[in-house]
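Peer 1: Sharing a structure here in structure tokens format.
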Amino acid sequence: MSTDVTERESETETEPEAAADAASRPGSSTQQRQESDKRERSAMRERAERELAESDRTVELEVYRYDPDVEGKADPRFDTFPVPFTKGMTVLDALIYARDHFDSSLTFRHSCRQAICGSDALFINGHQRLGCKTQMADLEWPVRVEPLPHAEVRKDLVVDMEHFYDQMEAVEPYFRTDDLPSGDLAEQRQSRQNREKIKMSTRCIWCGACTSSCNIAAGDEEYLGPAAINKAYRFAMDEREGEAMRDHRLNVVEKEHGVWRCQTQFSCTEVCPKDIPLTEHIQELKREAVKRNLKFW
Amino acid sequence: MRQSYDRGPVEDFGRWREFTAGMWAWVFHKFTGWVLVGYLFTHVAVLSTATVDGATYTATLQGLEELLVVRFLEVGLLAVAVFHIINGVRLLFVDLGVGLEAQDQAFYAALVLTGAITVGSIPTFLGGI
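So, in structure tokens, the structure goes:
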């Protein structure tokens, strides 16, 4: 979660320079620009070598590389990058360092760097984790970084999230209600108890770590997956939505490829970076579904 | 997803080293379940010898019990059945939503208990050979 200060500086130093370079030579061709890029890169590499020599601890980062469009990278392989370790360094910091100093083609998603955008769920040392939330110091070295399993790799650490988003949309993850308050200006209030009940389920950041860890989701394309079911839980348990909507939502999750596919392996609960008790929520929806359908009279 | 190219070591069986407690519980539960289903067939086969007459049944059972392999298999069968039962109780609690935070400890407890009961049964099963 920390931001690498030295690296920040380097970004601000080099960028205006490069821009000024380009501006000073109005007729600069692509070739010239490529050359200046190359010079810049080798400068970064020299800088990295200096920093590596100066630092007391170096962490080796083994990163999965794959790019179907580049000949030499069409066969998946691992590249090792040495990164000077600094206190508080996260896996994402190390990846950014490797990309900026060694190989600008290293591709991965990241945005907020504080575990809220859900872009950088990666397979780090055999577990689905958020790169920005995982401290280098907590891991066994060398650190191995791979794209999320059970998803198609587009390039390096970037996987296709389309299927995951489809599943999320399938449970209609937005608030809807027929149960409107009577007055024009009346507020739609939620009780404290009800808010407390759905609190954990609202924390989902759509990172896809749980679905990637789920054995069942890997083998069953149609299975909603833990994230989508958690989303359904968040709204089905929200009392403001009213009975009709709740019925509709339970109808969705109790389908053949809904909650009943869950085999309580607890993989999703283990990997969730926001500590959502996913299995617990799925189990509760199962019980609600049974209560709705099982009649003894 | 599934029709994607071969990811190699990312998605193969080598990942078992990274399994967590809940996953192991699931794997063992499936495995013991299938073993028990398989056992039911032999169980029915042995019991059906009683349809011939009492003597055949006794002779079959005595013949089986004389074999050392069968004695060891019985210990194994007990271990498998005990784990399946105890983990089944654990799963009942999981279904009821009780103590989900302790599900991993429950799995370890099931393993320890299974081990203890199995070891305790050895004198009975292997005695008198």
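Top line first, the protein sequences correspond to chains A and B.
Numbered according to our numbering, the first sequence spans residues 51 to 347.
Numbered according to our numbering, the second sequence spans residues 36 to 164.
Virtual Cβ for every residue (Gly too), placed ideally from N, Cα, C.
All values reported here derive from a predicted model rather than from experimental measurement.
1. Comparing the C-beta of residue 138 of chain B with each C-beta of chain A, is any distance below 9 Å?
2. Can you list, in chain order, the residues of its chain whose CB lies under 8 Å from that of residue 73 of chain A, leaving out five sequence neighbours each side?
3. Let me know the secondary structure DSSP gives residue 237 of chain A once reduced to three states.
4. Within 9 Å of any Cβ in chain A, is that where the Cβ of residue 145 of chain B sits?
5. Hey, which unbroken runs of the alpha helix (DSSP H) at 4 residues or more fall wholly within the region 69-129 of chain B?
6. Rounded to the nearest angstrom, how far is the Cβ of residue 280 of chain A from that of residue 331 of chain A, given a contact under 8 Å?
7. For the region 262-292 of chain A, list the alpha helix (DSSP H) runs that are entirely contained and at least 4 residues long, ordered along the chain.
8. Are residue 176 of chain A and residue 160 of chain A closer than 9 Å when you measure CB to CB?
9. Contact between the region 293-310 of chain A and the region 131-139 of chain A: three or more CB pairs below 8 Å?
10. Looking only at its own chain, which residues have a Cβ that is under 7 Å from the Cβ of residue 184 of chain A, when we skip the five neighbours before and after it?
11. Taking 9 Å as the CB-CB cut-off, is residue 158 of chain A touching chain B?
12. Buried or exposed: which applies to residue 316 of chain A, given that a residue is buried once 16 or more other Cβ atoms fall within 10 Å of its Cβ?
13. Helix, strand or coil for residue 214 of chain A? Go by DSSP, reduced to three states.
14. If we count the other Cβ atoms within 10 Å of its Cβ and call it buried at 16 or more, is residue 200 of chain A buried or exposed?
15. So what's residue 71 of chain A in DSSP terms, helix, strand or just coil?
16. Does the beta-carbon of residue 357 of chain A have 16 or more other beta-carbons within 10 angstroms, so that it is buried, or is it exposed?
17. Leaving out five residues on either side along the sequence, give the residues of the same chain with a beta carbon under 7 Å from the beta carbon of residue 68 of chain B.
18. Throw me the rounded Cβ distance for the residue 311 of chain A and residue 273 of chain A pair, which I believe falls under 8 Å.
19. Could you check if residue 333 of chain A is buried or exposed, using at least 16 other CB atoms within 10 Å of its CB as the buried criterion?
20. Since residue 205 of chain A sits in a beta bridge, which residues does DSSP pair it with?
21. Roughly how many whole angstroms lie between the Cα atoms of residue 71 of chain A and residue 80 of chain A?
22. Which one or two residues does DSSP pair with residue 130 of chain A in a beta bridge?
23. Cutting at 8 Å between CB atoms, please list the residues of its own chain near residue 270 of chain A, excluding the five before and the five after it.
24. Which partner residues does residue 173 of chain A have in the DSSP bridge list?
25. For residue 154 of chain A, tell me which candidate among A/320, A/88, A/172 has the shortest Cα-Cα distance.
26. At which residues does the alpha helix (DSSP H) containing residue 331 of chain A begin and terminate?
27. According to the Cβ coordinates, are residue 262 of chain A and residue 321 of chain A closer than 9 Å?
28. Which ranges would you report for the alpha helix (DSSP H) in the region 137-166 of chain A if only whole runs of at least 4 residues count?
29. Which whole-angstrom value is the C-beta distance of residue 206 of chain A and residue 156 of chain A, which I expect to be below 8 Å?
30. Give the straight-line distance between the Cα atoms of residue 135 of chain B and residue 202 of chain A, rounded to the nearest whole angstrom.
31. Determine, using beta carbons only, whether residue 165 of chain A and residue 111 of chain A come nearer to each other than 9 Å.
32. Taking a contact to mean a Cβ-Cβ separation below 9 Å, would you say residue 248 of chain A touches residue 284 of chain A in this structure?
33. Compare the C-beta of residue 94 of chain B against all C-beta atoms of chain A and say whether one is closer than 9 Å.
34. Pick from A/158, A/319, A/218: whose alpha carbon is nearest that of residue 114 of chain A?
35. By how many angstroms is the C-alpha of residue 258 of chain A removed from the C-alpha of residue 286 of chain A?
36. Could you tell me whether any non-hydrogen atom of the ligand GTP is closer than 8 Å to the CB of residue 183 of chain A?
Peer 2: Quick answer:
1. Mapped onto the second sequence, residue 138 of chain B falls at position 103. Yes, its Cβ sits closer than 9 Å to a Cβ of chain A.
2. To locate residue 73 of chain A, count along the first sequence from 1; it is residue 23. Because the pLDDT at residue 73 of chain A is just 48, under 50, the model does not fix this residue reliably, and the value given afterwards should be weighed accordingly. Correct list: empty, nothing qualifies.
3. As a working note, residue 237 of chain A is residue 187 in the first sequence. Correct three-state label for residue 237 of chain A: coil.
4. Your numbering for residue 145 of chain B matches position 110 in the second sequence. Not closer than 9 Å to any Cβ of chain A, the Cβ of residue 145 of chain B fails to qualify, so no.
5. 89-101
6. Taking the first residue of the first sequence as position 1, residue 280 of chain A is located at position 230. Taking the first residue of the first sequence as position 1, residue 331 of chain A is located at position 281. Correct: roughly 5 Å between the Cβ atoms.
7. Listed in chain order, they are 265-269, 276-286.
8. By 1-based counting over the first sequence, the position of residue 176 of chain A is 126. By 1-based counting over the first sequence, the position of residue 160 of chain A is 110. Their beta carbons are not under 9 Å apart, which means residue 176 of chain A does not touch residue 160 of chain A by this criterion.
9. No, the region 293-310 of chain A is not in contact with the region 131-139 of chain A.
10. The sequence position of residue 184 of chain A within the first sequence is 134, counting from 1. Only 140, 141, 174 meet the Cβ criterion.
11. For the purposes of this step, residue 158 of chain A is identified with residue 108 of the first sequence, where counting begins at 1. Not closer than 9 Å to any Cβ of chain B, the Cβ of residue 158 of chain A fails to qualify, so no.
12. For the purposes of this step, residue 316 of chain A is taken as the residue at position 266 of the first sequence. Under this definition residue 316 of chain A is a buried residue.
13. What you label residue 214 of chain A is simply residue 164 of the first sequence in a count that begins at 1. Of the three classes helix, strand and coil, the one that applies to residue 214 of chain A here is helix, per DSSP.
14. Position 150 of the first sequence, counting from 1, holds the residue named residue 200 of chain A. Buried, because 16 or more other Cβ atoms sit within 10 Å of the Cβ of residue 200 of chain A.
15. Your numbering for residue 71 of chain A matches position 21 in the first sequence. Any answer about residue 71 of chain A is weak, because its pLDDT of 49 lies below 50 and its placement is not dependable; what the coordinates show is given next. Helix at residue 71 of chain A.
16. Nothing can be reported for residue 357 of chain A, as the shown portion of chain A is limited to 51 through 347.
17. Taking the first residue of the second sequence as position 1, residue 68 of chain B is located at position 33. For residue 68 of chain B, where only same-chain residues beyond five positions count, the Cβ hits under 7 Å are 119.
18. Along the first sequence, read from residue 1 onward, the residue named residue 311 of chain A stands at position 261. Along the first sequence, read from residue 1 onward, the residue named residue 273 of chain A stands at position 223. At roughly 4 Å, the Cβ-Cβ gap stays under 8 Å, so residue 311 of chain A and residue 273 of chain A are in contact.
19. Taking the first sequence and counting its residues from 1, one reaches residue 333 of chain A at position 283. Taking all protein chains in view, the Cβ of residue 333 of chain A is crowded by 16 or more other Cβ atoms within 10 Å, so the residue is classified as buried.
20. By one-based count along the first sequence, residue 205 of chain A stands at place 155. DSSP output for residue 205 of chain A lists A/208 as bridge partner(s).
21. To locate residue 71 of chain A, count along the first sequence from 1; it is residue 21. To locate residue 80 of chain A, count along the first sequence from 1; it is residue 30. In this predicted model, residue 71 of chain A has a pLDDT of only 49, less than 50, meaning its place in the structure is not dependable enough to derive any value.
22. If you number the first sequence from 1, residue 130 of chain A lands on position 80. In the DSSP output, where bridge partners are listed per residue, residue 130 of chain A has A/112.
23. Sequence index remark: in the first sequence, residue 270 of chain A carries index 220 (1-based). So the list reads 307, 311, once near-sequence residues are dropped.
24. Against the first sequence, residue 173 of chain A aligns to sequence position 123. Beta-bridge analysis with DSSP links residue 173 of chain A to A/178, A/196.
25. In the first sequence, counting from the first residue as 1, residue 154 of chain A sits at position 104. Checked all of A/320, A/88, A/172; the closest Cα to residue 154 of chain A is A/88.
26. On the first sequence, position 281 is the one that residue 331 of chain A refers to. Run containing residue 331 of chain A: 328-343, per the alpha helix (DSSP H) assignment.
27. In the first sequence, residue 262 of chain A corresponds to position 212, counting from 1. In the first sequence, residue 321 of chain A corresponds to position 271, counting from 1. A contact, by the Cβ cut-off of 9 Å.
28. 141-151
29. What you label residue 206 of chain A is simply residue 156 of the first sequence in a count that begins at 1. What you label residue 156 of chain A is simply residue 106 of the first sequence in a count that begins at 1. Indeed, because the Cβ distance is near 6 Å, the residues count as touching under 8 Å.
30. Numbered from its first residue, the second sequence carries residue 135 of chain B at position 100. Numbered from its first residue, the first sequence carries residue 202 of chain A at position 152. Distance between the alpha carbons of residue 135 of chain B and residue 202 of chain A is about 32 Å.
31. If you number the first sequence from 1, residue 165 of chain A lands on position 115. If you number the first sequence from 1, residue 111 of chain A lands on position 61. Going by C-beta atoms, residue 165 of chain A is not nearer than 9 Å to residue 111 of chain A.
32. Looking up residue 248 of chain A in the first sequence gives position 198. Looking up residue 284 of chain A in the first sequence gives position 234. Yes; because the gap between Cβ atoms is below 9 Å, this pair is in contact.
33. What you label residue 94 of chain B is simply residue 59 of the second sequence in a count that begins at 1. So no, residue 94 of chain B is outside the interface.
34. Stepping through the first sequence from its first residue, residue 114 of chain A is reached at position 64. The shortest Cα separation from residue 114 of chain A among A/158, A/319, A/218 belongs to A/158.
35. The sequence position of residue 286 of chain A within the first sequence is 236, counting from 1. The sequence position of residue 258 of chain A within the first sequence is 208, counting from 1. Answer to the nearest angstrom: the Cα atoms are 21 Å apart.
36. The ligand content of the structure shown is nil, which means the ligand GTP is not present either.
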